Each structure stands twice: as structure tokens, then as C-alpha cells.
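In the working numbering, the protein residues as written are 891 to 1195.
Each residue gets a CB set at the ideal place from its N, CA and C atoms; glycine is no exception.
In this text the structure is predicted, and so the values were computed from the model without any measurement.
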């Protein structure tokens, strides 16, 4: 087993068997040891400190007034017999005003902006809460009949309120393949126009219906770069709730070398040598992908393989 990627292995027991037990859930909501992870418009609550942002989890007493307004809640799991809940606050225009906390340095921030600065378990907890609450905010109505849905089973199901429909909807995760294509001591990296100056990364794309992961790897590489691959080997996976993906990482071997970028997905692609990556330091001419990404992990593991 490889070590887990960032945003995974959060250390929680997800206690799936408890989600259908309303009495147990009610008891955890009233337990002083329970902690709540607030999410506001896909942002997490942090306190800015000199050493960097720190996640802020709230106690039962600190969220009592908010819970009384009926926001979405979801059981994330249990750690050392203490429950963790995600708390959705997106309907509140100024949620900080509703919290009786020291306001100094307190703010909601996008996890993508500070995730690499957190301990792995902290990042995994915030990502989990963010992803689950994103799903709740976008599935308030039934996709079958259009009636409102309600949250049930500890926030892991939304059920249609139309009795003749009563469809259950489950949290959605979109599978995407991400792959480092290699040819001997060279690897294929590309960049999108919207990325920071000089940033290159591995190729990636969503899996289509009726497509295997290996087929998706080959299709995405060819569509984005014109390169044909002949072998794809699974490496590892990573939750990526930005907004709702699971990244399925592969190493793939190139069969061809001539690059043809269509300009839609990528503005540039290039072969980069192992030696260059080992010796170069990030600057605006070339920089590696962010350290919390599986793209970076795929590259670094290949460099030292």
C-alpha cells in the first residue's frame, strides 16, 4: 500500500451503520464532545494566525442558535468517540455575525488556497465536509419529479418529499482519470491558460459513461496532446472536492512522441526530462503542480522510482 494522498485518510470512523439510527444521531447532536465543521458557500472556517491558517471547529453550544434555524447537517464520523458533523451555512449572508466567537483573524476561505498548509488529517476533514455540503446545496429538488428533497440518514441521503416518487438521492462523486505519461526518462506535462505563470501538470479528464478507466486514460491523453499511449498502470486515488471529484491516478507509457495540442483543453504541452525536474526550482518559466495534488505525487514518485 502506498501512503495516502492528501485529502484522504482523515482518521474518522464513518460509522455508516449509525446513520439510520435517529436516536443515536440526536444523542450525538446533544453531546458536548461533538464538534461541527462549518461550511459557507464551499468555504471552510479558519483563524488566520502568524504561523498560518488554522481550521475552526465549533462546539455544540457555539452552534446551538444556528442549528435551531434548520440548516443542513451531515454526520461525518466519529473520532475517539467524539462525533464530527458538517454544518451548512450558505443561506446566511454574514455567518460570522451569527457566531459568538473572537472575530480576530476569523474568516471563511476556499480550501484550495490554504490546504497544503494543513496537517493531512485536517485537510481531509475540511475536504470531506466541503464536498458533502456542496452536494446538499445542489440537490434540494428531486431530479425525477422536481419536488423538494429532505436530508435523511445523517445527511448521506436526500429523499424526495413527493410520496408517489420518494426517490432517494445519494452523494455524487465524479470519477476523473489523471495520468503521468512517460517515455523513458521523459514525461509529458501540459498547462492551461488560467493556471499560474509557468505551471505545468499531468493530463486529466472525466470518465465518460460506458468507458473503462484505461480507455479514459488513452482517450484524454490523445484528445489533449495527440499522444497515443499503450499501457496504463493504476497508481493511487485522491478525493478532490473542487467541487466533486475522485481523481484516479495512473502512470501511462507513450507509444508516440509528436505533440498536437488542440488549444481547447491545453494551451501547451511538452516533454520534460527527469534531470530537468530534479534540478529545476520553481519559477515563472516552469513550476510543478501544487503539493497537495495527486498530480505532484505522480510526478515525484516517478522521479524517484
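Straight through space, the alpha carbons of residue 1150 and residue 1157 are spaced by roughly 10 angstroms. Contact check between the region 1170-1189 and the region 1097-1114: fewer than three CB pairs, one atom from each, fall below 8 angstroms, which does not count as touching. The shortest CA-to-CA distance from residue 926 to any of 1007, 967, 1038 and 974 is the one to 974.
Excluding its 5 nearest sequence neighbours in each direction, residue 935 has C-beta neighbours in its own chain below 6 angstroms: 928, 946 and 998, listed in chain order. For the pair residue 1161 and residue 1069, the CB atoms are not nearer than the 9 angstroms cut-off. A direct Cα-Cα distance of roughly 15 angstroms separates residue 1008 from residue 1019. In the DSSP assignment, residue 1089 falls outside any alpha helix (DSSP H) and carries neither an H nor an E. Short of 7 angstroms from the beta carbon of residue 1014, and not among the five residues preceding or following it, lie these beta carbons of its own chain, in chain order: 897, 898, 899 and 900. No Cβ-Cβ contact shorter than 9 angstroms links residue 1041 with residue 911.
The beta-carbon distance between residue 1049 and residue 1025, rounded to whole angstroms, is 14 angstroms. This is too long to meet the 8 angstroms contact definition. In this structure residue 1103 does not touch residue 1159 by the C-beta definition: roughly 21 angstroms separates them, more than the 8 angstroms allowed.
Excluding residues up to 5 positions away in sequence, 988 lie with their Cβ nearer than 8 angstroms to the Cβ of residue 955 in the same chain.
Residue state for residue 1066 is assigned as strand, using DSSP reduced to three classes.
Counting the other Cβ atoms within 10 Å of the Cβ of residue 1035 gives fewer than 16, which makes it exposed.
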